[in-house]
Amino acid sequence: GNSVTQMEGPVTLSEEAFLTINCTYTATGYPSLFWYVQYPGEGLQLLLKATKADDKGSNKGFEATYRKETTSFHLEKGSVQVSDSAVYFCALSEESSGSARQLTFGSGTQLTVLP
Amino acid sequence: GAVVSQHPSWVICKSGTSVKIECRSLDFQATTMFWYRQFPKQSLMLMATSNEGSKATYEQGVEKDKFLINHASLTLSTLTVTSAHPEDSSFYICSARSPLAGRVSEQYFGPGTRLTVT
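Chains as they are written, first to last, in our numbering: chain A, 1287 to 1401; chain B, 400 to 517.
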């Protein structure tokens, strides 16, 4: 079956530091890969996605590249801000036998950015 | 962007009672809604997939008679936890899928409902 393994947190960084959150996956086919972010008290929001190998997803300064050879989708940001403090989830979606594309999530990584 | 709401945001109930949680898509029609359960510091675990007008599809290990799901309209799905027990205490999250032709359709998540069973 499908699975997502995510770097355990919590991660605490100073403002303007470089961020990497590791994510690796196991899938039977060719999944789409996602990063979701959950700010305190809010629902999950899609941060970025990539649908095929070597694709790079990017949004709000965050980037992740779909690496099929290493089955990875690591999240990076060059300079984090206090407002980036949140929980980050890596996820994959693979077409199922039905029409719905189900998401498989990693365990989430809590990021705290200190001023 | 698409907004999904959940009600209530938190609920405390006594063991043996039933609790209903609502999930609404506020500005789009959702043919499919998903219900997840999240334990502290753990992944979101898919419980069931709910299609409007048909029976929900439950994941292995999820009791259909305990977690009743109704998707009566394109904007509303409900999850009823029947005869709740303390082990049902958890964070329940719904998401709604917006079918966009030609794109990897996205799921939009509600803010979650914290259930505590005493």
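C-beta atoms are modelled at their ideal positions from N, C-alpha and C, and glycine is treated no differently.
Assigned secondary structure, residue i (DSSP; H/G/I helix, E/B strand, else coil)
{"i": "S1369 (chain A)", "result": "helix"}
{"i": "S408 (chain B)", "result": "coil"}
{"i": "E1355 (chain A)", "result": "coil"}
{"i": "E486 (chain B)", "result": "helix"}
{"i": "E1335 (chain A)", "result": "Here residue 1335 (chain A) is Lys; the residue named in the question, Glu, does not match the sequence. Strand, per DSSP."}
{"i": "Y507 (chain B)", "result": "strand"}
{"i": "E1380 (chain A)", "result": "strand"}
{"i": "M446 (chain B)", "result": "strand"}
{"i": "F438 (chain B)", "result": "coil"}
{"i": "F545 (chain B)", "result": "As displayed, chain B neither begins before 400 nor continues past 517, which places residue 545 (chain B) out of reach and without an answer."}
{"i": "M1293 (chain A)", "result": "coil"}
{"i": "A1313 (chain A)", "result": "coil"}
{"i": "E421 (chain B)", "result": "strand"}
{"i": "S1318 (chain A)", "result": "strand"}
{"i": "T481 (chain B)", "result": "coil"}
{"i": "S1393 (chain A)", "result": "coil"}
{"i": "N1288 (chain A)", "result": "coil"}
Of the listed residues the options, nearest to residue i (C-alpha basis)
{"i": "P1296 (chain A)", "options": "A:Q1388, A:F1391, A:F1375 and A:L1334", "result": "A:F1375"}
{"i": "Y1352 (chain A)", "options": "A:Y1316, A:L1389 and A:Q1367", "result": "A:Y1316"}
{"i": "F1391 (chain A)", "options": "A:S1344, A:V1323, A:L1299 and A:F1304", "result": "A:V1323"}
{"i": "S449 (chain B)", "options": "B:D487, B:F438, B:F427 and B:F433", "result": "B:F433"}
{"i": "A1372 (chain A)", "options": "A:N1288, A:P1326 and A:S1358", "result": "A:P1326"}
{"i": "S1393 (chain A)", "options": "B:T416, B:Q441, B:G460 and B:Q459", "result": "B:Q441"}
{"i": "F427 (chain B)", "options": "B:T512, B:E505 and B:R513", "result": "B:E505"}
{"i": "S488 (chain B)", "options": "B:A401, B:P439 and B:E421", "result": "B:P439"}
{"i": "L1389 (chain A)", "options": "A:T1306, A:S1318, A:E1362 and A:L1299", "result": "A:S1318"}
{"i": "Q1331 (chain A)", "options": "B:A401, B:S417, B:R513 and B:L514", "result": "B:A401"}
{"i": "T1306 (chain A)", "options": "A:D1370, A:E1362, A:P1401 and A:A1377", "result": "A:E1362"}
{"i": "I420 (chain B)", "options": "B:A483, B:T479, B:T515 and B:H484", "result": "B:T479"}
{"i": "L425 (chain B)", "options": "B:Q437, B:V418 and B:H406", "result": "B:H406"}
{"i": "E462 (chain B)", "options": "B:M446, B:E451 and B:L514", "result": "B:M446"}
Residues near residue i by beta carbon distance below 7 Å, same chain, minus five either side
{"i": "F508 (chain B)", "result": "V403, I492 and S494"}
{"i": "A429 (chain B)", "result": "L473, T474, A495, R496 and S497"}
{"i": "K1354 (chain A)", "result": "A1339"}
{"i": "K413 (chain B)", "result": "T517"}
{"i": "Q1402 (chain A)", "result": "Nothing about residue 1402 (chain A) can be reported from this structure: the residues present for chain A run from 1287 to 1401 only."}
{"i": "S1344 (chain A)", "result": "L1334"}
{"i": "S417 (chain B)", "result": "T479, V480, T481, S482 and A483"}
Proximal chain A residues relative to residue i, where beta-carbon distance stays under 7 Å
{"i": "E505 (chain B)", "result": "L1332"}
{"i": "G509 (chain B)", "result": "G1329"}
Chain B contact residues for residue i, given Cβ-Cβ distances below 8 Å
{"i": "G1343 (chain A)", "result": "Here the premise fails: no neighbours, minimum Cβ distance about 11 Å."}
{"i": "S1393 (chain A)", "result": "K440, Q441 and S442"}
{"i": "L1397 (chain A)", "result": "Simply none; closest approach about 14 Å."}
{"i": "L1361 (chain A)", "result": "The contacting residues do not exist; L1361 (chain A) stays about 16 Å from chain B at best."}
Any non-hydrogen atom of the ligand ATP closer than 7 Å to residue i Cβ
{"i": "Q405 (chain B)", "result": "This structure lacks the ligand ATP, and indeed carries no ligand of any kind."}
Under 7 Å by beta carbon: chain B residues contacting residue i
{"i": "E1380 (chain A)", "result": "Correct list: empty, because the minimum Cβ distance to chain B is about 11 Å."}
Chain-order list of residues whose beta-carbon lies under 6 Å from that of residue i (same chain, five-residue window excluded)
{"i": "N469 (chain B)", "result": "T477"}
{"i": "G511 (chain B)", "result": "F490 and I492"}
{"i": "Q1396 (chain A)", "result": "G1295, P1296 and V1373"}
Neighbouring residues, chain A, relative to residue i (Cβ below 9 Å)
{"i": "V403 (chain B)", "result": "G1329"}
Per DSSP, cross-strand counterpart(s) of residue i
{"i": "G1364 (chain A)", "result": "DSSP, once it has assigned bridges, lists no residue as partnering G1364 (chain A)."}
{"i": "Y457 (chain B)", "result": "B:A447"}
{"i": "A495 (chain B)", "result": "B:M432 and B:Y507"}
{"i": "A1303 (chain A)", "result": "Answer is none; A1303 (chain A) lacks a bridge partner."}
Chain-order list of residues whose beta-carbon lies under 8 Å from that of residue i (same chain, five-residue window excluded)
{"i": "K1342 (chain A)", "result": "A1336, E1349, A1350, T1351 and Y1352"}
{"i": "L1299 (chain A)", "result": "L1305, V1366, L1397, T1398, V1399 and L1400"}
Closer than 8 Å at the beta carbon, the chain A residues around residue i
{"i": "P407 (chain B)", "result": "Residues of chain A passing the Cβ test: none, with the nearest at roughly 14 Å."}
Under 8 Å from the C-beta of residue i: neighbouring residues of chain C
{"i": "F427 (chain B)", "result": "No chain C appears in this structure, whose protein chains are A and B."}
Partners in chain B for residue i, counting only beta-carbon separations shorter than 9 Å
{"i": "L1389 (chain A)", "result": "F433, Y435, L443, L445, S494 and Q506"}
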